[in-house]
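A.B. asks: Attaching a single structure in structure tokens format; questions to follow.
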Amino acid sequence: MSKMTLQTEGDTHVVVTRRFAAPPEAVYRAHTDPKLVQKWMLGPEGWTMPVCISEPKPGGKIRYEWSNGKGAGFHLTGEYLELEPYSRLVHVERMHLPDTTPDNHVETRFDADGTGTLMTVRMTLPDAQTRAAMLATGMESGMEASYVRLEGMI
Amino acid sequence: MAGVANLDAAFSALADPTRRAILARLAKGEATVMELAAPFEITQPAISQHLKVLEDAGLVMRRVDGTKRPRRLAKPGVEAMDQWLAMLRKALEKSYDRLDEVLASMEKQKRGEKR
């Protein structure tokens, strides 16, 4: 159930899939309602999200601020582009580390899968270099694209 | 684990299909520049240039064998990248495990409201 897959696709995409035991409506809400996002999109143990703004409407703002409680932190800003409750979300986001990273265009699909949901997150970066930099510096909650394994090396 | 500067170089080196193919070939064992160039429609100097990028990134090393300089994978560099990716993957999985709990409590609340 909890098995996550993460793969690179072509030169500029990263695709993540994950199954959830809840129906698409619940998973969609957990990705758009700031009160819910704040509870889980935290990455490694010890981090919190003191600021969580999410306005789920076309053009609506996204702002997530993370803190490790020891003075370290960073934030993400973005905008919603398309919303199809409860099946599809399109938004752009960028990290501020504090330098601003290039826009990551993200399409998230929530497909019914039995009584649960199959979620597919498809990220599109401007170019291969940007994707490489994103993978090397990490993202809001961590990313993996084992190019090495993808190519069947190990 | 290697420094982040090395990881930047390693990931940048991998942002090229020819270099990924070179690594995939070297994963099967060491090879000379000529052997590495054979499957590609590019010149040996071009392959050498790609190999230099991979060597600078700590992903490939060379051995001296008479007049030959066979290349092979540099295990520490490849492993450092793999460890880094595993760590990032774990952070994302951790978030989704938390989301499982959030979804379970949402479901519970919903059932409570219906009662």
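These protein sequence lines map, in sequence, to chains A and B.
Sequential numbering of the first sequence, starting at -7, is according to our numbering.
Sequential numbering of the second sequence, starting at 50, is according to our numbering.
The C-beta atom is built at its ideal place from N, Cα and C for all residues, glycine as well.
No experiment lies behind these values; they were computed from the predicted model shown.
1. Determine whether the beta carbon atoms of V19 (chain A) and F102 (chain A) lie at a separation below 7 Å.
2. When you compare only the Cα positions, how much space is there between A106 (chain B) and V113 (chain B)?
3. Could you tell me the distance, in whole angstroms, from the CA atom of A86 (chain B) to the CA atom of S79 (chain A)?
4. Does E156 (chain B) get closer than 7 Å to chain A when you measure Cβ to Cβ?
5. At which residues does the beta strand (DSSP E) containing M110 (chain B) begin and terminate?
6. Applying a beta-carbon distance threshold of less than 8 Å, which residues of chain A neighbour L152 (chain B)?
7. Using 7 Å as the threshold, is the C-beta distance between V6 (chain A) and M115 (chain A) below it?
8. Determine whether the Cβ of A140 (chain B) lies closer than 7 Å to any Cβ atom of chain A.
9. Let's test the definition: count the other Cβ atoms within 10 Å of the Cβ of H23 (chain A) and tell me whether it reaches 16, buried, or not, exposed.
10. Per the contact definition of three or more C-beta pairs closer than 8 Å, is the region 76 to 85 of chain B in contact with the region 115 to 131 of chain B?
11. 7 Å is my cut-off, CB to CB: does Q121 (chain A) come that close to chain B?
12. Looking at L108 (chain B) and A59 (chain B), is the spacing between their C-beta atoms short of 7 Å?
13. Taking all protein chains shown into account, decide if M41 (chain A) is buried (16 or more other Cβ within 10 angstroms of its Cβ) or exposed.
14. Determine the extent of the alpha helix (DSSP H) in which D105 (chain B) is found, giving its start and end residues.
15. Determine the direct distance from the alpha carbon of E76 (chain A) to that of G51 (chain A), and round the result to whole angstroms.
16. Sort B:L103, B:P125, B:I96 and B:E156 by Cα distance to L63 (chain B) and report the nearest one.
17. May I ask you to check if the CB of M87 (chain A) is nearer than 6 Å to at least one heavy atom of the ligand GTP?
18. Looking at the strands, I want to know which residues DSSP matches up with Y20 (chain A).
19. Assign T92 (chain B) to buried or exposed, taking buried as 16 or more other Cβ atoms, counted over all protein chains shown, within 10 Å of its Cβ.
20. Where do the N-terminal and C-terminal ends of the beta strand (DSSP E) with K62 (chain A) fall, by residue?
21. Short of 6 Å in beta carbon distance, which residues of its chain neighbour A104 (chain A), apart from the five on each side in sequence? Order them along the chain.
22. Check each candidate in A:K27, A:L34, A:W32 and A:P36 and name the one with the smallest Cα separation from L46 (chain A).
23. Using Cβ-Cβ distances below 8 Å, what residues of the region 27 to 45 of chain A are close to chain B?
C.D. replies: Quick answer:
1. yes
2. 20 Å
3. 47 Å
4. yes
5. V109 to R111
6. F12, A13, A14, A18, V19 and A22
7. yes
8. yes
9. buried
10. yes
11. yes
12. yes
13. buried
14. Q93 to D105
15. 14 Å
16. B:L103
17. Ligands in the displayed structure: none, and consequently the ligand GTP is not present.
18. In DSSP, Y20 (chain A) forms no bridge with anything.
19. exposed
20. That residue, K62 (chain A), is in no beta strand (DSSP E); it is neither H nor E in DSSP.
21. P16
22. A small fix is needed here, since residue 46 (chain A) is Ser in this sequence, not Leu. Of the listed residues, the one whose Cα sits closest to S46 (chain A) is A:K27.
23. L28, K31, W32, M33, L34, G35, P36 and E37
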